[in-house]
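Reviewing the structure listed below.
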Amino acid sequence: MNVRSGLLVLFSLCALGLSSVVFAQDHSAHQGMNMNMDMGSGNTTIRFSARVGDSDVSCGIMYESLGSHNSEVELTDFRLYISNVRLINAEGEEVPLELTQDEMWQHDNVALLDFEDGSAGCADSGNAMLNTKIVGSSPDGEYTGLVFDLGVPDEMNHMDTTTAPTPLNIAAMWWGWQGGYKFLRVDMMADGKPWFIHLGSTGCESPNEATAPESPCSSPNRVEVRMGSFNAAHNFVVVNLDSLVSDIDLSTSVPEPPGCMSFSGDPDCAPIFKNLGLALDNGTPLPDVVQTLFSTQ
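Our numbering puts the sequence shown at residues 1413 to 1709.
This is how it looks when you write it as structure tokens:
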């Protein structure tokens, strides 16, 4: 298929509300990129693995004993935005990782990680392609650590998904112009009932939901993740679903909608936000509380 024909097909599919099919391209060439982080030359690949315990997450699998009441859980979506990636050099300085602009998973300094493959219960909102890495480059040097944000930067958070570049054109990862993007989307069937975790900025003021705010939202709800010891040639970032929900009763939800939608008045959000290291009332870091969603292995 030539480029012009491919674009015509894409535009036709988008008109039917299927914008996420843009991820059906073949970018397997990225798999061979250099993963050596120590000297910072050429391409650097940061690898991620979403897990429940020691098992990689997957659609169509029933996970047992999650949450405070040992619920049986099946995933129906698992995606998140990472931004502002920095490497820590030997002097303790943070050096930005310049993300490869691949017109698919990465745009500017934002990357989408996608751990669902559109199969089984993930079919309604998901797509077939997976992405478990961030690819970029950095100046020559020795790097010993990693820092990144879970979230979309404020200056990009209120774009229109119908015109935004990939990967910011995914309607399933967007609340609307006023609220912006879902930084983290974890959808589950817990004990046979829906349970959702949608993290994004709240307290976003504008005349209506179809208008982007002119000032930052009062609760940014972005998580800074800091790993003081990390080498991309040997380590990867683990996204721990069981740790995120460890203190929550997934067998019930009060009030509706089921789960946590990042609002300060939702009691289901309190343990989720604590495990993210965020204050629920204003979406800023909790003092002396370290997030448990991400770890190094």
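Glycine included, C-beta positions come from ideal geometry on N, C-alpha and C.
In this structure, the straight-line span from the alpha carbon of ASP1526 to that of MET1541 is close to 8 Å. Counting only the Cα atoms, GLU1668 lies some 9 Å from ASP1678. Excluding five sequence positions before and after GLU1528, the CB atoms of its chain that fall closer than 6 Å to its own CB belong to CYS1471, ASP1489, PHE1490, CYS1534, GLY1538, given in chain order. Per DSSP, reduced to three states, the secondary structure at ASN1543 is strand. Collapsing the DSSP output to three states places ALA1622 in coil. Per DSSP, the unbroken beta strand (DSSP E) holding ASN1501 starts and ends at 1483 to 1501. In the DSSP assignment, SER1655 falls within the alpha helix (DSSP H) that extends over 1653 to 1656. Taking C-beta atoms as the reference points, ARG1459 and PHE1648 count as a pair closer than 7 Å. If you draw a straight line from the Cα of TYR1493 to the Cα of PRO1628, it is about 18 Å long.
Nearest neighbour of ALA1523 by Cα position, chosen from GLU1506, GLU1626, PRO1565, turns out to be PRO1565.
If the five residues before and after LYS1545 are omitted, its C-beta is found closer than 6 Å to the C-beta atoms of THR1457, ARG1459, all from its own chain and listed in chain order. Taking 8 Å as the upper bound for CB-CB distance, LEU1692 and GLN1703 are not in contact here, some 14 Å apart.
For ILE1458, the enclosing beta strand (DSSP E) begins and ends at 1455 to 1464. Taking every protein chain shown into account, the CB of PRO1606 has fewer than 16 other CB atoms within 10 angstroms, so this residue is exposed. With contacts defined as CB atoms closer than 7 Å, SER1480 and LEU1509 fail to qualify as a contacting pair. For ALA1682, the three-state secondary structure derived from DSSP is helix. Comparing alpha-carbon positions, the option among VAL1701, ASN1694, SER1618, ALA1602 lying closest to ARG1638 turns out to be VAL1701. Sorting LEU1558, ASP1466, SER1658, ASN1482 by C-alpha distance to the C-alpha of LEU1499 places LEU1558 at the top. Between ASP1561 and SER1630, the gap from beta carbon to beta carbon reaches 7 Å or more.
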